[in-house]
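Presented below is the structure to which this report refers.
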Amino acid sequence: MRAFIFDFLVILGALVMTLGVIGLLRMPDIYTKLHGASKSVFLGVTVLAISGIVIGGEAMTSRLFLICLALVFTTPVASHVVARAAFLQHEQMETAGAIDESGSLLHSDESPGWRV
Numbered sequence: 119m120r121a122f123i124f125d126f127l128v129i130l131g132a133l134v135m136t137l138g139v140i141g142l143l144r145m146p147d148i149y150t151k152l153h154g155a156s157k158s159v160f161l162g163v164t165v166l167a168i169s170g171i172v173i174g175g176e177a178m179t180s181r182l183f184l185i186c187l188a189l190v191f192t193t194p195v196a197s198h199v200v201a202r203a204a205f206l207q208h209e210q211m212e213t214a215g216a217i218d219e220s221g222s223l224l225h226s227d228e229s230p231g232w233r234v
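Sequential numbering from 119 applies to the sequence shown in my numbering.
Right, dumping it as structure tokens:
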């Protein structure tokens, strides 16, 4: 029974990551591509780690849990850093009706974040 659950979770994780790659190729701009890539990688790796927890022993379970915990903290930070770098390089949103709500303060000399 554990082998069937393991197989199902591995296939599910691979499917989620494959859908993420398809989304990465089809999205129009860097911001939506980043959203699709970060979510699919996080979910895909988490499902694969859960499949390892199902089939693995106690030592493997603790390692995979730590990997999932690291992903919880690093994925949003990495996505934010890449999106901010794209924004500071003046990457435009190509989505119809997209509005830049950050205002002009970010690109002015008064903003300390602009010089970083």
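Virtual Cβ for every residue (Gly too), placed ideally from N, Cα, C.
query = Rounded C-beta distance between serine 169 and threonine 193? I'm assuming under 8 Å.
reply = In the sequence shown, the residue the question calls residue 169 occupies position 51. In the sequence shown, the residue the question calls residue 193 occupies position 75. So it is not a contact: roughly 19 Å between Cβ atoms.
query = Secondary structure at aspartate 125, three-state DSSP: helix, strand or coil?
reply = Here residue 125 refers to the residue found at position 7 when the sequence shown is read from its first residue. It is helical.
message = Buried or exposed, going by whether 16 or more other CB atoms sit within 10 Å of the CB of glycine 175?
response = Your numbering for residue 175 matches position 57 in the sequence shown. When all chains shown are included, glycine 175 counts as exposed.
ask   = Can the beta-carbon of glycine 154 be found less than 8 Å from the beta-carbon of glycine 141?
value = Mapped onto the sequence shown, residue 154 falls at position 36. Mapped onto the sequence shown, residue 141 falls at position 23. Yes.
ask   = Beta-carbon separation of glycine 138 and valine 165 under 8 Å?
value = Numbered from its first residue, the sequence shown carries residue 138 at position 20. Numbered from its first residue, the sequence shown carries residue 165 at position 47. No.
inquiry  = Nearest by alpha-carbon distance to leucine 206: which of Val128, Val159, Arg144 and Tyr149 is it?
reply    = As a working note, residue 206 is residue 88 in the sequence shown. Of the candidates Val128, Val159, Arg144 and Tyr149, the one whose C-alpha sits nearest the C-alpha of leucine 206 is Tyr149.
4 or more residues per run - each alpha helix (DSSP H) lying fully within the stretch 119-207 = 120-144, 148-173 and 176-206
task = Would you tell me roughly how many angstroms separate the C-alpha atoms of alanine 121 and leucine 127, rounded to the nearest one?
result = Translated into positions along the sequence shown, residue 121 becomes position 3. Translated into positions along the sequence shown, residue 127 becomes position 9. Approximately 10 Å, taken between the alpha carbons.
ask   = From Asp125, Ala196, Ile123 and Phe160, pick the residue whose C-alpha is nearest to that of methionine 135; which is it?
value = Reading the sequence shown from its first residue, position 17 is the one you call residue 135. Methionine 135 has its Cα closest to that of Phe160, out of Asp125, Ala196, Ile123 and Phe160.
query = According to the neighbour-count rule (16 or more other Cβ atoms, all chains shown, within 10 Å of its Cβ), is serine 180 buried or exposed?
reply = The count along the sequence shown starts at 1 and reaches residue 180 at position 62. Serine 180 should be labelled exposed.
ask   = Buried or exposed: valine 172, going by 16 or more other Cβ atoms within 10 Å of its Cβ?
value = Sequence index remark: in the sequence shown, residue 172 carries index 54 (1-based). Classification for valine 172: buried.
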